[in-house]
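Protein chains: 2
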Amino acid sequence: MPQSLWKRKAIADREEELLNLARRMLTGPGGMHGLTMERLAEATPYSKGTLYQHFGSKDDLLAALWIRPLQLRLELYRRASLFHGRARERILAIEAARRVVFALHPESEVIEGGMFAGQGNVNPKRAAKIAEIAAGISGVSLGIVRDAAAAGDLTLGGELTAEHVYIALRSLAYGLMHGWQSTGVLQDLVAGAGPELALDLANRLLDGLGWKPLLRDWDYRNTLERIWSEVFPDEARRMNDGAGRRRFG
Amino acid sequence: MPQSLWKRKAIADREEELLNLARRMLTGPGGMHGLTMERLAEATPYSKGTLYQHFGSKDDLLAALWIRPLQLRLELYRRASLFHGRARERILAIEAARRVVFALHPESEVIEGGMFAGQGNVNPKRAAKIAEIAAGISGVSLGIVRDAAAAGDLTLGGELTAEHVYIALRSLAYGLMHGWQSTGVLQDLVAGAGPELALDLANRLLDGLGWKPLLRDWDYRNTLERIWSEVFPDEARRMNDGAGRRRFG
DNA sequence: TCAAGATTTGACGGTCCGTCAATCAACCCC
DNA sequence: GGGGTTGATTGACGGACCGTCAAATCTTGA
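Keeping their order, the protein sequence lines are chains S and A.
The opening position of the first sequence corresponds to residue 1 in my numbering, with each subsequent residue numbered one higher.
The opening position of the second sequence corresponds to residue 1 in my numbering, with each subsequent residue numbered one higher.
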């Protein structure tokens, strides 16, 4: 029954359309407050009831909106993990991937910040998908950390587990992005310090964790150039002139 | 006119009462969603209109609620900065103070996360006070960083400014607290790793920044014991059996 | 062409924020 | 004590928003 298939595709297309629109509302002025089921319905040829056919609640819409940047993150992390080099170079590629996701999907931070309140009322299927992707994301990173330990570049055990290393890198990046994006307290302090800072500080943290080769023993500037040109050539271009326009320098 | 003074004190007392109640609602289940002007009015002998005599908006109430943990933070940072020892020991005392504030005022994180949406409609006087305290807070930390540079313990310049060091420490701590508190993605990874982790990772980050004396050259376990017993003896006790009950270990 | 089934609609109930005219209390002066 | 002025207090109300659901509309298959 091809007609049924057509219809299903039409519905999937509509969902894409809705998500794109919702994303624009979320990244626009007003942030989380700017996205409203009411306004989203008005901005489309469909009514509110139809919206709720796709997303059981606003939280569910946000979850659906979150899946795409999460999937991109997983894909980029996978690619980063394939970088040809030492484990520490690969984890740096992961940090570069963080920056790409942040630049291309600024709404992701808004959702993560706003989801804190919600958490309920998300379609179980979607919630499961999110959990699955998230597990993949941490899995890729943890794999690199364990590779480093296996290669003798990093000494785990005692107070420092692979999870701790991953959490440290993730928390530093998250805190920086939050401080960078939110019009909060460190606004004037962060101003001028572009996202380059995140990569630099992550690299220094790796030194502090004793992850070899240390900064003084390796030319990581060259590593980063290779990462950008070999792993994320397209994304680097899109970041500089693409949709997620933002100051870089 | 003592009667007028009585009245003013009564009003100030009522504001305290309202703030305490609001704080309880915020830390209770539901978080930001659990605090409602409506419910707050119902929980007191006063009506909604009277609430709005104290706080011009819900954002304003949140701002008022934020001032107390901010002030505590400033006070603790000041005390930490007076610790008798090397600059790196003093910045570690600041990190310990972070942990105290997080333990005693868990609502602070909720507010910071939720304020991201608001930002407007805050009484200018309150906003100014917040800005002033925040400036004091970063000032204390930056002072210690600059002390370290002056003492030759830390090499600034080039890519690394005093602000960058401060931002790095703050971001790492913020990211960890967010991941710890939010029922989010790293829940299961963070589980088991108590807030001790924050101090340990901060210390390692300091190593990565080249802030002497490095971990291998100094007994920071002893430093931390001295910090808890000399700088925050009361707070350490309150954290373990006080209001802000939370798992520590 | 028509009936069964699926989809869409927008009005509606409920919650919450913030306002304001009406009410109430305190205070002051005679 | 009485009456007027000033300020505090109230809760009903308007508006925004989420989520629901019976009615209307469209699709499909015979």
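No residue lacks a Cβ here, since even glycine has one placed at the ideal position from N, Cα and C.
Bear in mind the structure is a predicted one, so any value in this text is a computation, not a measurement.
- Task: Could you spell out the range, first to last residue, of the alpha helix (DSSP H) harbouring S138(A)?
- Result: In the second sequence, the residue the question calls residue 138(A) occupies position 138. P124 to A150 is the extent of the alpha helix (DSSP H) around S138(A).
- Message: Against G14(S), what residues of chain A qualify as contacts under a CB-to-CB distance less than 8 Å, listed in chain order?
- Response: Counted from its first residue, the first sequence places residue 14(S) at position 14. Strictly speaking, residue 14(S) in this sequence is Arg, with Gly absent from that position. Those do not exist, as R14(S) stays about 28 Å from chain A at its closest Cβ, beyond 8 Å.
- Query: Any chance the stretch 118–134 of chain A sits against the stretch 63–77 of chain A, with 3 or more Cβ pairs inside 8 Å?
  - Reply: Flag = yes, the stretch 118–134 of chain A and the stretch 63–77 of chain A touch.
- Reduced DSSP secondary structure (H/G/I, E/B, other) of L160(A): Position 160 of the second sequence holds residue 160(A). Of the three classes helix, strand and coil, the one that applies to L160(A) here is strand, per DSSP.
- Item | Helix, strand or coil at K212(A) according to DSSP, with G and I counted as helix | Within the second sequence, residue 212(A) is the residue found at index 212, counting from 1. Three-state DSSP puts K212(A) in coil, outside helix and strand.
- Task: Report back the beta-carbon spacing between A110(S) and L26(S) to the nearest angstrom; my notes put them in contact at under 8 Å.
- Result: Working through the first sequence from its first residue, we reach residue 110(S) at position 110. Working through the first sequence from its first residue, we reach residue 26(S) at position 26. According to the sequence provided, residue 110(S) is Val. The question's Ala does not apply to it. Indeed, because the Cβ distance is near 6 Å, the residues count as touching under 8 Å.
- Message: Less than 7 Å between C-beta atoms, sequence neighbours within five positions excluded: which residues of the same chain meet that for R245(A)?
- Response: Indexing the second sequence from 1 puts residue 245(A) at position 245. Per-residue confidence for R245(A) stands at a pLDDT of 42, beneath the threshold of 50, marking its modelled position as unreliable; no derived number is given.
- Could you run through the stretch 207–223 of chain S and flag, in chain order, every residue whose CB is less than 7 Å away from some CB of chain A? D207, G208 and L209
- Using 8 Å as the limit for Cβ to Cβ distance, is G113(S) near chain A? If you number the first sequence from 1, residue 113(S) lands on position 113. By this cut-off, G113(S) is an interface position.
- Query: Cα separation between R216(S) and L209(A)?
  - Reply: On the first sequence, residue 216(S) is found 216 positions in, with the first residue counted as 1. On the second sequence, residue 209(A) is found 209 positions in, with the first residue counted as 1. Going from the Cα of R216(S) to the Cα of L209(A) covers about 12 Å.
- Task: Give a yes or no on whether 8 Å exceeds the smallest Cβ distance from H164(A) to chain S.
- Result: What you label residue 164(A) is simply residue 164 of the second sequence in a count that begins at 1. It does: the Cβ of H164(A) has a partner Cβ on chain S nearer than 8 Å.
- Query: Between the C-alpha atoms of P69(S) and V100(S), what's the straight-line distance to the nearest angstrom?
  - Reply: Mapped onto the first sequence, residue 69(S) falls at position 69. Mapped onto the first sequence, residue 100(S) falls at position 100. Their backbone Cα atoms lie some 10 Å apart in a straight line.
- Task: Just the C-alpha distance for I11(S) and N222(S), rounded to the nearest angstrom, thanks.
- Result: Here residue 11(S) is taken as the residue at index 11 of the first sequence, counted from 1. Here residue 222(S) is taken as the residue at index 222 of the first sequence, counted from 1. The straight-line gap from Cα to Cα measures roughly 47 Å.
- Item | Environment of K9(S) [buried if 16+ CB atoms lie within 10 Å] | If you number the first sequence from 1, residue 9(S) lands on position 9. K9(S) comes out exposed.
- Message: I need the boundaries of the alpha helix (DSSP H) containing N222(S), first residue and last residue.
- Response: As a first step, residue 222(S) must be located in the first sequence, where it is residue number 222. Segment Y220 to R226, the alpha helix (DSSP H) holding N222(S).
- Does L156(S) get closer than 8 Å to chain A when you measure Cβ to Cβ? Here the question's residue 156(S) lines up with position 156 in the first sequence. So, not an interface residue.
- Alpha carbon to alpha carbon, what distance is there between D207(A) and L35(S)? Along the first sequence, read from residue 1 onward, the residue named residue 35(S) stands at position 35. Along the second sequence, read from residue 1 onward, the residue named residue 207(A) stands at position 207. Their backbone Cα atoms lie some 44 Å apart in a straight line.
- Buried/exposed call for L74(A), threshold 16 Cβ in 10 Å: Residue 74(A) sits at position 74 when you count from the first residue of the second sequence. When all chains shown are included, L74(A) counts as buried.
- Message: Assess contact between the stretch 74–83 of chain S and the stretch 134–152 of chain S, defined as three or more Cβ pairs (one per stretch) separated by less than 8 Å. Is contact present?
- Response: They touch, by the three-pair rule.
- Task: Taking only runs that begin and end inside the stretch 45–105 of chain A, name each unbroken alpha helix (DSSP H) of 4 or more residues, in chain order.
- Result: 48–54, 58–81 and 87–104
- Query: For A173(A) versus V145(A), is the C-beta distance shorter than 8 Å?
  - Reply: To locate residue 173(A), count along the second sequence from 1; it is residue 173. To locate residue 145(A), count along the second sequence from 1; it is residue 145. Going by C-beta atoms, A173(A) is not nearer than 8 Å to V145(A).
- Task: Could you list which residues in chain A have their beta carbon closer than 8 Å to that of E159(S), in chain order?
- Result: The count along the first sequence starts at 1 and reaches residue 159(S) at position 159. The answer, in chain order, is D200.
- Message: Using C-beta distances below 8 Å, list every residue in its chain close to N20(S), excluding the 5 sequence neighbours before and after it, in chain order.
- Response: Numbered from its first residue, the first sequence carries residue 20(S) at position 20. Cβ neighbours of N20(S) beyond the five flanking positions: none.
- Starting from L154(A), follow the alpha helix (DSSP H) in both directions and report where the run begins and ends. Position 154 of the second sequence, counted from the first residue, corresponds to residue 154(A). Note, L154(A): premise wrong, no alpha helix (DSSP H); not H, not E.
- Task: State the CB to CB distance for the pair M177(S) and F102(S), rounded to an integer number of angstroms; the pair is presumed to be in contact (CB under 8 Å).
- Result: Residue numbering aside, residue 177(S) sits at position 177 when the first sequence is read from its first letter. Residue numbering aside, residue 102(S) sits at position 102 when the first sequence is read from its first letter. M177(S) to F102(S), Cβ: 5 Å. Contact.
- Best match in I130(A), E95(A) and S182(A) for proximity to Q71(A) [C-alpha to C-alpha]: Sequence index remark: in the second sequence, residue 71(A) carries index 71 (1-based). Of the candidates I130(A), E95(A) and S182(A), the one whose C-alpha sits nearest the C-alpha of Q71(A) is I130(A).
- Task: For P233(A), name the three-state secondary structure that DSSP assigns.
- Result: Position 233 of the second sequence, counted from the first residue, corresponds to residue 233(A). P233(A): helix per DSSP, three-state reduction.
- Task: Have a look at S108(A) and R23(A) and give me their C-alpha separation to the nearest angstrom.
- Result: What you label residue 108(A) is simply residue 108 of the second sequence in a count that begins at 1. What you label residue 23(A) is simply residue 23 of the second sequence in a count that begins at 1. So the alpha carbons of these two residues sit roughly 9 Å apart.
- Item | Other residues of its chain near H54(A): CB distance less than 7 Å, five sequence neighbours each side excluded | In the second sequence, counting from the first residue as 1, residue 54(A) sits at position 54. So the qualifying residues of the chain are E15 and L18.
- Determine, using beta carbons only, whether R204(A) comes closer than 8 Å to chain S. For the purposes of this step, residue 204(A) is identified with residue 204 of the second sequence, where counting begins at 1. So yes, R204(A) belongs to the interface.
- Message: With three or more beta-carbon pairs closer than 8 Å as the criterion, would you say the stretch 225–243 of chain A touches the stretch 225–234 of chain S?
- Response: no
- Hey, out of G120(A), P106(A) and R88(A), whose CA is closest to L260(A)'s CA? Nothing can be reported for residue 260(A): it is not among the residues displayed for chain A, which extend from 1 to 249.
- Query: Does DSSP put A12(S) in a helix, in a strand, or in coil?
  - Reply: The sequence position of residue 12(S) within the first sequence is 12, counting from 1. DSSP places A12(S) in helix when its eight states are reduced to three.
- Message: For the alpha helix (DSSP H) containing L40(S), name the first residue and the last one.
- Response: As a working note, residue 40(S) is residue 40 in the first sequence. It spans M37 to E42 - the alpha helix (DSSP H) in which L40(S) sits, taken as one unbroken run.
- Leaving out five residues on either side along the sequence, give the residues of the same chain with a beta carbon under 7 Å from the beta carbon of I227(S). The sequence position of residue 227(S) within the first sequence is 227, counting from 1. So the qualifying residues of the chain are F83, L92, A93 and A96.
- Query: Can the beta-carbon of G120(S) be found less than 8 Å from the beta-carbon of D219(S)?
  - Reply: Looking up residue 120(S) in the first sequence gives position 120. Looking up residue 219(S) in the first sequence gives position 219. In this structure, D219(S) does not lie closer than 8 Å to G120(S) by Cβ.
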